[in-house]
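What follows is a single structure, written as structure tokens, with notes after it.
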Amino acid sequence: MSRAPSSLGSQAAYQPLPPQQSDSESQEQELAMSYQSSRVSYRWFAILCVIALLSASLHENVQIRLSSNKPYFDFFVFSQQTSVGYCIGHSHCVDEHQRSFWTIHGLWPSNDTTWPEMCNLTVKFNSSILDPIRVDLDLYWPSLTSSNSLRFWRHEWQKHGSCAMQVAPVAGVLNYFNTTINLTRTYNVTKFLLDEEIVPSLNRTYTVTELSKALSDDVKAKINIVCQITDGFPYPVLSEVRFCLSKTNLTPIDCEHKDEKCGVGPVHYLPLGASRRNQKLDGWCQLIVNTFSFYVNYLSPM
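Take a look at the structure:
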């Protein structure tokens, strides 16, 4: 006697086919996958740009040193900088404040591994006090990143000048800035290098030994040289020269040698305008980040 197939067996034998996608549905799915893929790619590219910008900034600014608000120090560091060397590490500099000669970065009370800062904020920074030397300040001590140099000068006074009140030549706002301007005339890095035929160049490089000797021979003391490292140039870029000065009479003394990213190989000493090349690269990266942000926030599908 034959048996009828069970309903369970019939259900197991029957496998419905998946529904077929229409051409329009397939295209929509492909577009969605393409959009997700491109969105991920742009996101990663933007992240890499941000990481590059942040790492450059950190590489330039991070210093493992200790500061104190106690006005105790052993000597001064007198720092002069090139506009190109400074701006090579910054995405924005004020064109009209850049100079073809070396300008002042600051006069800083210092110790070997520490420095005092923000020591006496009761002495207020009054910009009108600087009126007698304002022309010289604008020329020799401009802010390279702001059209308003007063903020830069206020920062230098509050952080550094306020810690040197016990040293007569720099005691007080006017004395601090006027004495520093006179120092740049006495220790004229532009002239010292020119006397040794060391001039800014896009094609020629110099060694740290050449630069140090040209400067140390003039001041009869060891100095420190600071460089910036940038993807725009194959070698470190000369940025600052730092003299160590006696606390009592502001005459040169030997600086303790510090490795300030110059290395032992060639160094670029770049002419005015060379930094714009590097700023354009940073600008393109920032444009990509901004464009991606706009795309995600305003143009991406809900």
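Here my numbering = 1-based position in the sequence shown + 988.
All residues carry an ideal CB built from backbone N, CA and C; glycine is no exception.
Review point. Would you report the Cα separation of arginine 1139 and glutamate 1198, rounded to the nearest angstrom?
Key: 36 Å
Review point. Since asparagine 1170 is in the alpha helix (DSSP H), which residue starts that stretch and which ends it?
Key: 1161-1174
Exercise for review: Starting from tryptophan 1103, follow the beta strand (DSSP E) in both directions and report where the run begins and ends.
Suggested key: 1102-1104
Review point. Are arginine 1230 and valine 1065 closer than 8 Å when you measure CB to CB?
Key: yes
Exercise for review: Would you kindly report the start and end of the unbroken beta strand (DSSP E) that includes glutamine 1069?
Suggested key: 1063-1069
Exercise for review: Kindly indicate the opening and closing residues of the beta strand (DSSP E) around tryptophan 1145.
Suggested key: Where tryptophan 1145 is concerned, there is no enclosing beta strand (DSSP E), although the alpha helix (DSSP H) it sits in stretches over 1137-1147.
Point to revise | For leucine 1162 and leucine 1203, believed in contact at Cβ under 8 Å, the rounded distance | key: Actually they are not in contact, since the Cβ atoms of leucine 1203 and leucine 1162 sit about 29 Å apart, beyond 8 Å.
Check your understanding: Three or more C-beta pairs closer than 8 Å, one from the region 1241-1249 and one from the region 1171-1187: is that the case here?
Key -> no
Review point. Within the chosen definition, does the region 1210-1219 reach the region 1184-1200 through at least 3 CB pairs nearer than 8 Å?
Key: yes
Practice item. Can you check DSSP and say which residues form a bridge with histidine 1256? Key: Thr1193 and Val1225
Point to revise | Cβ-based neighbour list, aspartate 1124, same chain, cut-off 6 Å, excluding 5 preceding and 5 following | key: Ile1169
Review point. Just to confirm, are histidine 1093 and glutamate 1248 a CB contact at a threshold of 8 Å?
Key: no
Check your understanding: Going by DSSP, what residues sit across from tryptophan 1129 in a beta bridge?
Key -> According to DSSP, which records beta bridges pairwise, tryptophan 1129 is partnered with nothing at all.
**Study point:** Counted within 10 angstroms of its Cβ, other Cβ atoms place alanine 1156 as buried (16 or more) or exposed
**Key:** exposed
Practice item. Would you list the one or two residues that DSSP bridges to tryptophan 1096? Key: Val1065
Practice item. Use the C-beta contact count for valine 1252: other C-beta atoms within 10 angstroms, 16 or more gives buried, fewer gives exposed. Key: exposed
Point to revise | Bounding residues of the alpha helix (DSSP H) (the contiguous stretch that carries valine 1082) | key: Counting along the chain, valine 1082 falls outside any alpha helix (DSSP H), and DSSP gives it neither H nor E.
**Study point:** phenylalanine 1180 (DSSP reduced to helix, strand or coil)
**Key:** helix
Review point. Do you know offhand how far leucine 1109's Cα is from arginine 1192's?
Key: 46 Å
Check your understanding: By DSSP, does threonine 1279 sit in helix, in strand, or in coil?
Key -> With a pLDDT of only 42 at threonine 1279, under the threshold of 50, the placement of this residue in the model should not be trusted, and no figure is reported.
Review point. Apart from the five residues just before and just after tyrosine 1128, which ones in its own chain have a Cβ nearer than 7 Å to its Cβ?
Key: Thr1091, Ile1092, Ile1169 and Thr1172
Point to revise | Nearest residue (CA-CA) to asparagine 1176, options Phe1089, Val1072 and Gly1077 | key: Phe1089
Review point. Mind checking threonine 1101: buried by the 16 CB within 10 Å criterion, or exposed?
Key: exposed
Review point. With distances taken between CB atoms, is the gap from valine 1072 to proline 1259 smaller than 8 Å?
Key: yes
Practice item. To the nearest angstrom, report how far apart aspartate 1219 and glycine 1077 are at their CA atoms. Key: 10 Å
Exercise for review: Measure the CB-CB distance between valine 1082 and serine 1115 and report whether it falls below 8 Å.
Suggested key: no
**Study point:** CA-to-CA distance, proline 1224 to lysine 1201, given in whole angstroms
**Key:** 18 Å
Check your understanding: Can you name the start and end residues of the beta strand (DSSP E) that asparagine 1212 belongs to?
Key -> 1212-1216
**Study point:** cysteine 1151, DSSP secondary structure in three states
**Key:** helix
Point to revise | Residues near threonine 1070 in its chain [Cβ-Cβ closer than 7 Å; skip 5 each side] | key: Trp1090, Leu1226 and Ser1227
Point to revise | Option in Gln1068, Tyr1257, Ser1131 and Asp1062 with minimal Cα separation from glutamine 1086 | key: Ser1131
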